[in-house]
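Engineer: With the numbering used here, you'll find the sequence shown wraps up at 1859, consecutive numbering, no jumps.
Below is the structure I would like to discuss, written out as structure tokens.
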Amino acid sequence: MPAPPASSLTLPRSSLPRRRAMVGLIVTALIATLLAFVPATTAQAAPVLLSQGKAATASSQENGGTPAAHAVDGDTGTRWSSAFSDPQWIRVDLGAPATVSRVVLRWETAHAKAYRIELSTDGTDWTTAHSTTTSAGGTETLEVSGTARYVRMYGTARAAGYGYSLWEFQVYGTTGDTGGPITGGGDLGPNVHVFAPSTPNIQGKLDEIFDEQESAQFGSGRHALLFKPGTYNGLNAQIGFYTQIAGLGLKPDDTTINGDVTVDAGWFNGNATQNFWRAAENLAVNPVNGTNRWAVSQAASFRRMHVKGSLNLAPSGYGWASGGYIADSKVDGMVAPYSQQQWYTRDSSIGGWTNGVWNMTFSGVEGAPTQSFPEPPYTTLETTPISREKPFLYLDGDAYKVFVPAKRTNARGVSWNGTPQGRSLPLERFYVVKPGATAATINAALDQGLHLLFTPGVYHVDRTIEIDRADTVVLGLGLATIIPENGVTAMRVADVDGVRLAGFLIDAGPVNSPTLLEVGPENASADHSANPTTVQDVYIRIGGAGPGKATTSMAVHSDDVIIDHTWVWRADHGEGVGWETNRADYGVRVHGDDVLATGLFVEHFNKYDVEWYGEDGRTIFFQNEKAYDAPNQAAIQNGDTKGYAAYRVDDSVDRHEGWAMGSYCNYNVDPTIVQDHGFKAPVKPGVRFHHLLVVSLGGMGHYNHVINDTGASTAPHGSDTIPSVVVSYP
């Protein structure tokens, strides 16, 4: 289908008036003269709160409502309390060594009479920074001195018969880790496992990691399995949570596994709807029985793969599966989705496709089925308007490099036939980020002109990671995870050309962040059409691994951004889940013009899942579930409208287009809830949608319409889970 014309409007920046510039120069010179007479003083960093939101553990807890995490959550209404015995302790992991200068203990009535404050760099060997046998409780501010990653309150005698109870355990200090130049390159850390064909017992290592990660849905383990170019025989690489498997060649066929790269759902009784957060990339696979199994749902990318056989996207037993994503891949045989509810395949080549449930979508795919929505439910675009594949790590001889693929327009088929187009960056131009690194160090590396390669791990950041330089690459391995502390925005991109964000997860912290990822500042206006910023396999999560909050998950202000495969998810299961516990009103909000989303998965937000304000926006494939846990109709009432649309285009927009978009409801707390519609958009000639559907999952809530007041209600279908569709709108 023809794409709408790109906007050619560029807003010029005002130049500074000459008079104001001259006055500024005079004032600057005067200040410099006056400062020459001021005695110089030594700058000293003020201590900052380091402990809030960090990982905390304790020797015991009184009950389920008083965990150690409550003493470092910044909330003076929650507390940690221990069992009624001596000794007891609570410790906080600061995430990296820091210079500790102050500890504040805010005791509940049940306090310690005798205790020690202890410091450790490794969590095993402790030194005493403060001790007392005569504490009176209340709020105690203790000046201490030392370097530690771990800080512990070790209580030896209680003041009463109860346990030890702290409203807050606060540690202050400075990280002091930004002095001196930061060196690029280096080793890839302990959680990157590099194999060569001669490596002994590869299968044993693969099995060991899978045993650890198979059901660790909200665990802290992160792994990258990297295979040097060559041929590997007889392997079955089972891929669990937070595990990435990838070849280290420049092309997939440089690294061949005669065996399987497998995802199944035995851990969840054959149900694949929670097989999230994993990846397979840049490999050729010769499946043992001719068919490789990749039974996944959201946040599980299958990129730059060559399957020399067929591909089965369903779990063994053909249980439920909730849809996924393939890009830049070649499957010689058939792709069989079977029970997959929806799926998006981009810029690939396949031998054929067997069936569809609700929504099977293809753009730029050789061998894709003919468009036929809704029966069968195939949406097929001959090309993808704009695409640029995800950066990846590879070996050039013995040297690690990152390949950054070039932009393609009207793309069709894989990008790696012939000589791959793009640029190579040596690893020495990357700060190799390892667990324990701080935001201050990361930003200092960026200021030095380095790119970022996050190795597998969990990173707590107490300030925003600022991407201010054009063409910066931020690449994660093994689903590296960034958690903002104290309500900061995790990452912010300036209004510059060609930034590449890829391969990491942002996990909301317990203190509400206004946004988690910002691409461009408000009112950004620069034209990036020649060199757009891309956001690829970047996932955002609110709750699930623990309490988390964010008003908006992703805000896109820059023009010409490509969002290529993201899952932005407010958790409906796991820890820290509840209508207000993991409050998050908005998933993705797009303000920039000419933004293209290919593979947009956004789910469960308290209000709008997606809002679009920019002109000439396009979305190819959208998957959504409304928030399961809405307590009642009143909780989602939107003025006179019942419910917030899953995807809303603002009334000010004149041009917008979407293909293959679905929204599902499963109001399992109050099944009587009704949504007026799944989609809302202005009725204008330039605002067009193709192949929309809404579904009530088992009759748990219903939609009155599909888009605006168009499309049949799902209510007549009762609990039969039959979509209501609109083929074209308006």
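Glycine included, C-beta positions come from ideal geometry on N, C-alpha and C.
Note that the structure is predicted; figures quoted are calculated from it, not measured.
Out of His1240, His1435 and Ser1188, point me to the one whose CA is closest to Ile1386's CA.
Structural biologist: As a first step, residue 1386 is located in the sequence shown; it is residue number 257 there, counting from the start. Ranking the options by Cα distance to Ile1386, first place goes to His1435.
Engineer: List the endpoints of the continuous beta strand (DSSP E) containing Gln1190.
Structural biologist: On the sequence shown, residue 1190 is found 61 positions in, with the first residue counted as 1. Premise fails: Gln1190 is in no beta strand (DSSP E) and is neither H nor E.
Engineer: With DSSP run on the structure shown, which of helix, strand or coil describes Thr1385?
Structural biologist: Within the sequence shown, residue 1385 is the residue found at index 256, counting from 1. If DSSP states are grouped into helix, strand and coil, Thr1385 belongs with the strands.
Engineer: Tell me the residue span of the alpha helix (DSSP H) that contains Phe1335.
Structural biologist: Looking up residue 1335 in the sequence shown gives position 206. Sequence inspection shows Leu at residue 1335; the Phe mentioned does not correspond to that position. Residues Ile1331 to Gln1342.
Engineer: In chain order, what are the residue ranges of uninterrupted beta strand (DSSP E) at least 3 long that sit wholly in the stretch 1645-1688?
Structural biologist: 1663-1671 and 1679-1685
Engineer: Are the beta-carbon atoms belonging to Gly1830 and Val1854 less than 9 Å from one another?
Structural biologist: Position 701 of the sequence shown, counted from the first residue, corresponds to residue 1830. Position 725 of the sequence shown, counted from the first residue, corresponds to residue 1854. For Gly1830 and Val1854, no; Cβs fall outside 9 Å.
Engineer: For Ser1478, would you say it is in contact with chain D, using Cβ-to-Cβ distances shorter than 9 Å as the test?
Structural biologist: Absent here is chain D; the protein component of the structure consists of one chain.
Engineer: Is Thr1727 buried or exposed, if buried means 16 or more other CB atoms sit within 10 Å of its CB?
Structural biologist: Your numbering for residue 1727 matches position 598 in the sequence shown. With 16 or more Cβ atoms within 10 Å of its Cβ, Thr1727 is classed as buried.
Engineer: Once you ignore the five residues that flank Thr1610 on each side, which residues in its own chain have a CB closer than 6 Å to its CB?
Structural biologist: Start at 1 with the first residue of the sequence shown, and residue 1610 comes out as number 481. Once the five neighbours on either side are set aside, the close Cβ partners of Thr1610 are Val1587, Leu1634 and Asp1636.
Engineer: Using only CA atoms, which one of Gly1267, Asp1222 and Asp1215 lies nearest to Ala1197?
Structural biologist: If you number the sequence shown from 1, residue 1197 lands on position 68. Looking at the Cα atoms, Asp1222 is the closest of the given residues.
Engineer: Which residue comes first and which comes last in the alpha helix (DSSP H) that contains Thr1570?
Structural biologist: On the sequence shown, residue 1570 is found 441 positions in, with the first residue counted as 1. Per DSSP, Thr1570 belongs to the alpha helix (DSSP H) from Ala1568 to Asp1576.
Engineer: Kindly confirm or deny that the stretch 1355-1371 and the stretch 1382-1399 touch, where touching means at least three C-beta pairs closer than 8 Å.
Structural biologist: yes
Engineer: Taking all protein chains shown into account, do 16 or more other C-beta atoms lie within 10 angstroms of the C-beta of Arg1245, making it buried, or fewer, making it exposed?
Structural biologist: Indexing the sequence shown from 1 puts residue 1245 at position 116. With 16 or more Cβ atoms within 10 Å of its Cβ, Arg1245 is classed as buried.
Engineer: Find the nearest neighbour of Arg1592 within the set Asn1615, Gly1578, Asp1758 and Gln1577, judged by alpha-carbon distance.
Structural biologist: For the purposes of this step, residue 1592 is taken as residue 463 along the sequence shown, with counting starting at 1. Among Asn1615, Gly1578, Asp1758 and Gln1577, the Cα nearest to that of Arg1592 belongs to Asn1615.
Engineer: Quick one: residues in its chain with C-beta nearer than 6 Å to the C-beta of Pro1852, no 5 flanking neighbours on either side, listed in chain order?
Structural biologist: One-based indexing of the sequence shown puts residue 1852 at position 723. Contacts found: Trp1487, Leu1822 and Val1824.
Engineer: Give me, in chain order, the residues of the same chain whose beta-carbon lies closer than 6 Å to that of His1702; leave out the 5 immediate sequence neighbours on both sides.
Structural biologist: The sequence position of residue 1702 within the sequence shown is 573, counting from 1. Same-chain partners within the cutoff: there are none.
Engineer: Where does Glu1237 sit, in a helix, a strand or coil, going by DSSP?
Structural biologist: Within the sequence shown, residue 1237 is the residue found at index 108, counting from 1. It is coil, neither helix nor strand.
Engineer: Suppose you measure from the CA of Asn1761 to the CA of Thr1843; what does that come to, to the nearest Å?
Structural biologist: Here residue 1761 corresponds to residue number 632 of the sequence shown, with the count starting at 1. Here residue 1843 corresponds to residue number 714 of the sequence shown, with the count starting at 1. Whole-angstrom Cα-Cα distance: 19 Å.
Engineer: Among the candidates Asp1799, Arg1235 and Tyr1668, whose CA atom is the shortest distance from the CA of Phe1619?
Structural biologist: Against the sequence shown, residue 1619 aligns to sequence position 490. For the record, residue 1619 in the displayed sequence is Ala; it is not Phe. Among Asp1799, Arg1235 and Tyr1668, the Cα nearest to that of Ala1619 is on Tyr1668.
Engineer: Using the beta-carbon count (16 or more within 10 Å), is Ala1165 buried or exposed?
Structural biologist: Numbered from its first residue, the sequence shown carries residue 1165 at position 36. Model confidence at Ala1165 stands at a pLDDT of 37, short of 50, so the residue's coordinates are unreliable; what they give is reported in the following sentence. Exposed is the call here.
Engineer: Would you mind working out which of Tyr1301, Arg1208 and Asn1641 sits nearest Leu1179, comparing C-alpha positions?
Structural biologist: Taking the sequence shown and counting its residues from 1, one reaches residue 1179 at position 50. Of the candidates Tyr1301, Arg1208 and Asn1641, the one whose C-alpha sits nearest the C-alpha of Leu1179 is Tyr1301.
Engineer: If contacts are defined as beta-carbon pairs under 8 Å, then Pro1639 and Pro1676 qualify, I think. What distance do you get, rounded to the angstrom?
Structural biologist: Stepping through the sequence shown from its first residue, residue 1639 is reached at position 510. Stepping through the sequence shown from its first residue, residue 1676 is reached at position 547. Taking C-beta atoms under 8 Å as the contact rule, Pro1639 and Pro1676 qualify, at a distance of about 5 Å.
Engineer: Between Ser1430 and Lys1459, which are expected to be in contact by the criterion C-beta below 8 Å, what is the C-beta distance as a whole number of angstroms?
Structural biologist: Position 301 of the sequence shown holds residue 1430. Position 330 of the sequence shown holds residue 1459. No, Ser1430 and Lys1459 are not in contact; Cβ-Cβ is about 15 Å, not under 8 Å.
Engineer: Who are the near neighbours of Tyr1832 in its chain, counting only those whose CB is closer than 6 Å to its CB and skipping five residues on each side?
Structural biologist: Looking up residue 1832 in the sequence shown gives position 703. Same-chain partners within the cutoff: Gln1804, Gly1807, Val1823 and Thr1843.
Engineer: Taking the alpha carbon of Tyr1279 as the reference point, which residue from Thr1512, Glu1337, Gly1376 and Ile1219 has its own alpha carbon closest?
Structural biologist: Taking the first residue of the sequence shown as 1, we reach residue 1279 at position 150. Nearest option by C-alpha distance: Ile1219.
Engineer: State whether the stretch 1539-1549 contacts the stretch 1511-1522, with contact taken as three or more CB pairs (one from each stretch) at a distance under 8 Å.
Structural biologist: yes
Engineer: Beta-carbon within less than 7 Å of Tyr1529's beta-carbon, same chain only, minus the 5 sequence neighbours each way: which residues are those?
Structural biologist: Numbered from 1 along the sequence shown, position 400 holds the residue referred to as residue 1529. Around Tyr1529: Leu1522 and Leu1556.
Engineer: Give me, in chain order, the residues of the same chain whose beta-carbon lies closer than 6 Å to that of Val1233; leave out the 5 immediate sequence neighbours on both sides.
Structural biologist: On the sequence shown, residue 1233 is found 104 positions in, with the first residue counted as 1. The residues are Thr1270 and Gln1299.
Engineer: Are there three or more Cβ pairs, one per stretch, closer than 8 Å when the stretch 1621-1632 is compared with the stretch 1251-1266?
Structural biologist: no
Engineer: Quick check: the Cα distance between Val1425 and Thr1402, rounded to an integer number of angstroms?
Structural biologist: On the sequence shown, residue 1425 is found 296 positions in, with the first residue counted as 1. On the sequence shown, residue 1402 is found 273 positions in, with the first residue counted as 1. If you take the alpha carbons of Val1425 and Thr1402, they lie about 7 Å apart.
Engineer: Can you look up Trp1396 in the DSSP assignment and give me helix, strand or coil?
Structural biologist: As a first step, residue 1396 is located in the sequence shown; it is residue number 267 there, counting from the start. Assigned with DSSP and collapsed to three states, Trp1396 falls in helix.
Engineer: With respect to the beta strand (DSSP E) encompassing His1352, which residues constitute its N-terminal and C-terminal limits?
Structural biologist: The residue given as residue 1352 occupies position 223 in the sequence shown. Counting along the chain, the beta strand (DSSP E) containing His1352 begins and ends at His1352 to Phe1356.
Engineer: Looking only at its own chain, which residues have a Cβ that is under 7 Å from the Cβ of Asn1641, when we skip the five neighbours before and after it?
Structural biologist: Position 512 of the sequence shown, counted from the start, is the residue given in the question as residue 1641. Here the set comprises Gly1616, Lys1678, Ala1679 and Thr1680.
Engineer: Just the Cα atoms here: how many angstroms apart are Thr1120 and Glu1704?
Structural biologist: There is no way to answer for residue 1120, as the model of the chain reaches only from 1130 to 1859.
Engineer: What residues in its chain sit with their C-beta under 6 Å from that of Ala1684, if we drop five residues either side in the sequence?
Structural biologist: On the sequence shown, position 555 is the one that residue 1684 refers to. Excluding residues within five positions, the ones whose Cβ falls inside 6 Å are Thr1644, Glu1647 and Arg1718.
Engineer: Is it right to say Gln1752 is buried, meaning 16 or more other beta carbons lie within 10 angstroms of its own, or is it exposed?
Structural biologist: Residue numbering aside, residue 1752 sits at position 623 when the sequence shown is read from its first letter. Classification of Gln1752: buried, given that the 10 Å Cβ count is 16 or more.
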